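*Asks:* Pasting a structure below so you can have a look.
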Amino acid sequence: MSINSVRDDEKSVSAGKVKTLLRLFRYLLSYKKEIIAVLIIMLCTVTISLINPLIVEHAIDVNIVQKDIPGLIRLGIFALSINLIFIVLVKLRMYIMAKVSNNVLLTIRQELYTHIQKLSFHFFDSRPTGKILARIIGDVNSLKDVLSNSVTTLIPDFITICAVMAIMFAMDYKLALASLVSLPLMVIGLWLIQVYSHVRWQVFRKKNSNLNAFIHEDLSGMRVVQSFTAEAETAADFNELLMEHRGAFVKAVKLNDAFGPVIDFCWGLGMISLYFVGVKLTDNNSVQVGTLIAFGTYISMFWRPIMNLSNFYNQLVTNISGAERIFEIMDTKPEIADKKDVVELPEIKGNIRFEHVSFSYDGDTKVLDDVSFEVKAGETIALVGPTGAGKTTIINLISRFYDIQEGNIFIDDYNIKDVSIESLRKQMGIMTQDNFLFSGTIKDNIRYGKLDATDEEIIAAAKAVNAHDFIMKLEKGYDTELKERGAGLSVGQRQLLAFARTMVSMPKILILDEATSSIDTHTELLVQQGIEALLKGRTSFVIAHRLSTIQKADRIFVIADNGIKEQGTAEELLAKKGMYYDLYMAQFKNI
């Protein structure tokens, strides 16, 4: 890599770090009173720190030389008093900044989580859950020290360095120059170290994110891992990621650890230079002993803040990549979002119309191509066809989980892009084969479909899908606590609860995506009775591979080759002896 290339990369990295740091600082602006109080406290503590060497100088060169014991005692009492004040102020400063930084982290985490909830399915499809989790938890936590020290370290230490330099040059410019002779060497050394440090910490953050994603995925799929006795292979993959994580951390830390030795070396070199020049000046009576001792204190006061600033820079380099990853997500624009002039979708009847709709997930391969159809309110439409043909895509587009590239979709003559997403989805009930249940009671899980649902409505929905009987057999009935994902219930029971959750919202448009795939045949017959009652007066779309469940549908759409190849009632499609006939015969020819 050429020197010019390194310089260009460093300029870009530095500019990015400054921009990110300034963005973090904006969160502190909400706590102006607290920050002003901390700055005043720090001004007082810095002043006390600068006075202490002058007290020592006066005690040695005046009180001790003149044998002024009362004056020395008064000076000691004054020094003790101001340093007790110093200790109290430091504790108060730490308390205020800890409170402010924790509040800022809370705000950032809330904003991040709120923003993530608004992002489209494409965002979640392209990122493992573990990586998103690492940003919400780990990356946000890593900012605590940066936020706190940005105020308590950066500002006072910078002021201290400038003030100490001014005092030293005012006292004796020769000793000041001798003390700072190693400063250029330090600047060069630190610059060389930090050129690559940021990049290495970015690599570590990525490895850490990969490790979190793997652990989350592995724990979520533990049943599959153990079913296929893949523990050894999974452990080997984990160990490989762990070694990559460790290697990236070691490489990053090696550079960070070099900061301290460089500063210590320059500090020691400055002390040697100071006392070498100071002893000669003392021999010539050009400098008094008290002044030389005061300079020794001041040079420590000069280098200690530089050490603190280098540690802060270390923290910054270590953790700023986490902030960059957080802001990267927060800057990600939701692909599905309301326009500025959207209207609220009023209570609908349920008419749906597709006009020349084309859609692609990746922008290249079309899943739907020039699809047009119209569904009247109250109709039940069944979608059948081979896997990947576009059945689920159609219902995802109706719910506007994705935006189409061409054409228009209307609900009751409202273009779905012209109405708010919330008002659209509130009138839809969506039941998928992924029957996710949350930790909490059965009642809370059903109420998730309608947050203001009464207990009577919850029970009515459960009865409608024949979930009530098995719920009442549980120890606490509807107040039974469920574990994550409904562990402890059978797959069919979990699906019935998800069905009740969908039903309680009493949607105008009902979407069932393989909703009865995990229910046994007997239970399915009972559920179908409840569904038929609930579907009256509602537009519904049913995706089912079991053709026996859709025989009563008003129309069946056969989806294949990027569009609707056949449509009609079950009898009409069987009479045509086309694709639906082939699918039907494949399922029932051996019965």
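Mapped onto the working numbering, the consecutive letters of the sequence shown carry residue numbers 421 to 1011.
Just so you know, even glycine gets a beta-carbon here, dropped at the ideal spot from N, CA and C.
Since the structure is predicted, the reported quantities are computational estimates derived from the model, not experimental observations.
#1: In the DSSP assignment, what are the bridge partners of GLY742?
#2: Assign GLN987 to one of three DSSP states: helix, strand, or coil.
#3: Going by the CB atoms, is the gap between MET848 and THR922 shorter than 7 angstroms?
#4: Work out the CA separation of THR580 and GLY558 for me, nearest whole Å.
#5: Looking only at DSSP bridge pairs, what is ILE976 linked to?
#6: Can you name the start and end residues of the beta strand (DSSP E) that ASN828 belongs to?
#7: Where GLY798 and ILE768 are concerned, what is the direct C-alpha to C-alpha distance, given to the nearest angstrom?
#8: With distance defined between alpha-carbon atoms, name the residue in LEU449, LYS837 and PHE679 nearest to LEU755.
#9: So who's on the other strand from ASP366, going by DSSP bridges?
#10: Can you give the Cα-Cα distance for GLN1007 and ILE976, rounded to whole angstroms?
#11: Assuming ILE455 is part of the beta strand (DSSP E), what are its boundary residues?
#12: Report yes if the CB atom of ILE552 is closer than 7 angstroms to the CB atom of ALA802, and no otherwise.
#13: For the region 567-578 and the region 724-732, state whether three or more C-beta atom pairs, one from each stretch, are separated by less than 8 angstroms.
#14: Between which two residues does the alpha helix (DSSP H) harbouring LYS786 extend?
#15: By alpha-carbon positions, which one of ASP592, ALA678, ALA583 and LEU631 ends up nearest to GLY609?
#16: Quick check on DSSP: helix, strand or coil for GLU775?
#17: How would you call GLU748, buried or exposed, if buried means at least 16 neighbouring beta carbons within 10 angstroms?
#18: Taking GLU934 as the reference, give the member of LEU917, PHE961 and GLN913 with the closest Cα.
#19: Give me whichever residues DSSP pairs with VAL763 in a beta bridge.
#20: Confirm, please, whether the CB-CB distance from ALA479 to LEU492 is below 7 angstroms.
#21: Assess, as a yes-or-no matter, whether the region 530-541 is touched by the region 512-521 under the definition of 3 or more beta carbon pairs within less than 8 angstroms.
#22: Where ASP899 and PHE919 are concerned, what is the direct C-alpha to C-alpha distance, given to the nearest angstrom?
#23: Would you decide whether GLN915 is buried or exposed? Buried here means 16 or more other CB atoms lie within 10 Å of its CB.
#24: For a quick check, are the C-beta atoms of LYS863 and ILE841 less than 7 angstroms apart?
#25: For THR549, which residues from the same chain have a beta carbon less than 6 angstroms from its beta carbon, with the 5 sequence-adjacent residues on both sides left out?
#26: Using C-beta distances below 7 angstroms, list every residue in its chain close to THR800, excluding the 5 sequence neighbours before and after it, in chain order.
#27: Comparing alpha-carbon positions, which option in ALA554, LEU917, ASP981 and ASN472 lies nearest TYR865?
#28: With C-beta atoms as the reference, is GLY906 less than 7 angstroms away from LEU871?
#29: Assuming MET585 and PHE722 make a contact with CB atoms under 8 angstroms, what is their CB distance in whole Å?
#30: Quick one: Cα of LEU603 to Cα of MET462, how far?
#31: Looking only at its own chain, which residues have a Cβ that is under 6 angstroms from the Cβ of ARG427, when we skip the five neighbours before and after it?
#32: With DSSP as the reference, please indicate the residues paired to MET848 in a beta bridge.
#33: Looking at ILE468 and ASN502, is the spacing between their C-beta atoms short of 7 angstroms?
#34: By the DSSP assignment, the alpha helix (DSSP H) with GLU664 in it spans what residues?
#35: Let me check understanding here. Comparing Cα to Cα, which of ALA809, LEU675, GLY641 and GLY860 lies closest to GLY897?
#36: ALA598 and SER720: beta carbons closer than 7 angstroms?
*Replies:* A quick look at the data gives this:
#1: None, per the DSSP bridge assignment.
#2: strand
#3: no
#4: 33 angstroms
#5: ALA802 and GLY988
#6: 826-831
#7: Approximately 11 angstroms between the Cα atoms of the pair.
#8: First, the residue type needs correcting, since residue 755 is Glu and not Leu in the sequence shown. Answer by Cα proximity: LYS837.
#9: Look at the range of the chain in this structure, 421 to 1011, and you will see that residue 366 is not part of it.
#10: 16 angstroms
#11: No beta strand (DSSP E) contains ILE455, which is instead part of the alpha helix (DSSP H) from 452-478.
#12: no
#13: yes
#14: Note, LYS786: premise wrong, no alpha helix (DSSP H); beta strand (DSSP E) at 786-795.
#15: ALA678
#16: strand
#17: exposed
#18: PHE961
#19: VAL839
#20: yes
#21: Segments in contact, no.
#22: 18 angstroms
#23: For GLN915, the number of other beta carbons within 10 angstroms of its own is at least 16, and it is reported as buried.
#24: no
#25: HIS636
#26: LEU955, SER960, VAL962, ALA973 and ASP974
#27: Note on identity: in this sequence residue 865 is Asn, with Tyr being the wrong assignment. Checking every option, the nearest Cα to that of ASN865 belongs to LEU917.
#28: no
#29: 7 angstroms
#30: 25 angstroms
#31: In this predicted model, ARG427 has a pLDDT of only 47, less than 50, meaning its place in the structure is not dependable; the value taken from the coordinates is given anyway. So no residue of the chain qualifies.
#32: DSSP output for MET848 lists ILE929 as bridge partner(s).
#33: Note that residue 502 is Ile in the sequence shown here, rather than Asn. Going by C-beta atoms, ILE502 is nearer than 7 angstroms to ILE468.
#34: 651-677
#35: GLY860
#36: No. Outside cutoff.
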